[in-house]
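Novice: Here you go, one structure.
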Amino acid sequence: PSTDIAYQKASKPVNKKQSRTGMLFRNFRQLFTVFKKISLTPSVAVQVRSLSTIRMKYLNQQEAINVDEELFNEYKFSVDQLMELAGLSCAHAINDCYGATVEKRKVLVCCGPGNNGGDGLVAARHLVLMNYEPYVYYPKRTEKVLFVNLQHQCESMGIAVR
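Position 96 of the sequence shown, counted from 1, bears residue number 96 in full-length UniProt numbering, the numbering being contiguous throughout.
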């Protein structure tokens, strides 16, 4: 079956107040099937491309939590892997939106002590590889090894982390 057919089977309309796009995947298995068919990586924002249009679909907070739990429990993904995928996806989204139109490729990445902050550190690292100049604002740091290592990686690549 085509990607569009897999997408149509994996989504259903919902109340517009529940979703910015009006369409959501029913469960992770259907979402994972679509990922495999169109070679996407899991992230909160799921892109499904057809020949003529690009549709962006969003998961609400509870659905995102359910996806994370299933990735951890059933598919045995680690926090590090999910953080790497999320940061890479963010970097690609920035590049897709602004890559060709920005003269000065400077980016401010604001990071907190939680997992979203880790996603930001990963995104900054990937943005350097896409010829951006990220500056990381990281006011409330954590001493968790994962985050210390991510900060070290950024600094080793010449990224200013303040």
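Note that beta-carbon positions come from the ideal geometry of N, C-alpha and C, so glycine has one too.
#1: Using only the alpha-carbon positions, how far apart do residue 142 and residue 148 sit?
#2: Name the DSSP beta bridge partners of residue 160, please?
#3: Using the Cα positions of residue 77 and residue 67, report the straight-line distance between them to the nearest angstrom.
#4: Just to confirm my understanding: we take residue 138, look at its own chain, exclude 5 residues before and 5 after, and list those with CB closer than 6 angstroms. What are they?
#5: What are the start and end residues of the alpha helix (DSSP H) that includes residue 85?
#6: Do residue 145 and residue 127 come within 9 angstroms of each other at the CB atom, strictly closer than that value?
#7: Excluding sequence positions up to five away, which residues of its chain have a Cβ less than 8 angstroms from the Cβ of residue 159?
#8: Rounded to the nearest angstrom, what separates residue 86 and residue 116 at their Cα positions?
#9: Please return the same chain residues whose Cβ sits closer than 7 angstroms to the Cβ of residue 150, not counting the five positions on each side in sequence.
#10: Look at the alpha carbon of residue 104 and the alpha carbon of residue 132, and state the distance between them as a whole number of angstroms.
#11: In whole angstroms, what is the alpha-carbon distance linking residue 70 and residue 60?
#12: Around the C-beta of residue 73, are 16 or more other C-beta atoms found within 10 angstroms, so that it is buried, or is it exposed?
#13: Name the DSSP bridge partner or partners of residue 150?
#14: Quick one: what does DSSP say residue 59 is sitting in, helix, strand or coil?
Specialist: Taking the geometry as given:
#1: Here residue 142 is taken as the residue at index 142 of the sequence shown, counted from 1. Here residue 148 is taken as the residue at index 148 of the sequence shown, counted from 1. Their Cα atoms are separated by approximately 7 angstroms.
#2: The residue given as residue 160 occupies position 160 in the sequence shown. 135.
#3: Residue 77 sits at position 77 when you count from the first residue of the sequence shown. Residue 67 sits at position 67 when you count from the first residue of the sequence shown. Near 11 angstroms, if we compare the C-alpha coordinates of residue 67 and residue 77.
#4: Here residue 138 refers to the residue found at position 138 of the sequence shown. If we look at residue 138 and ignore the five residues flanking it on each side, its Cβ neighbours are 111, 161.
#5: The residue you call residue 85 lines up with position 85 of the sequence shown. Segment 79 to 98, the alpha helix (DSSP H) holding residue 85.
#6: The count along the sequence shown starts at 1 and reaches residue 127 at position 127. The count along the sequence shown starts at 1 and reaches residue 145 at position 145. No, the Cβ-Cβ distance between residue 127 and residue 145 is not below 9 angstroms.
#7: By 1-based counting over the sequence shown, the position of residue 159 is 159. Result list for residue 159: 124, 125, 128, 134, 135, 136, in chain order.
#8: Along the sequence shown, read from residue 1 onward, the residue named residue 86 stands at position 86. Along the sequence shown, read from residue 1 onward, the residue named residue 116 stands at position 116. Rounded to the nearest angstrom, the two C-alpha atoms are 9 angstroms apart.
#9: As a position in the sequence shown, residue 150 is number 150, starting the count at 1. 118, 121, 122.
#10: If you number the sequence shown from 1, residue 104 lands on position 104. If you number the sequence shown from 1, residue 132 lands on position 132. So the alpha carbons of these two residues sit roughly 8 angstroms apart.
#11: Numbered from its first residue, the sequence shown carries residue 70 at position 70. Numbered from its first residue, the sequence shown carries residue 60 at position 60. Computed Cα separation, rounded: 15 angstroms.
#12: The sequence position of residue 73 within the sequence shown is 73, counting from 1. Looking at its Cβ environment, which holds fewer than 16 other Cβ atoms inside 10 Å, residue 73 is exposed.
#13: Counting from one through the sequence shown, the residue named residue 150 turns up at place 150. In the DSSP output, where bridge partners are listed per residue, residue 150 has none listed.
#14: For the purposes of this step, residue 59 is taken as residue 59 along the sequence shown, with counting starting at 1. Residue state, collapsed to three classes: coil.
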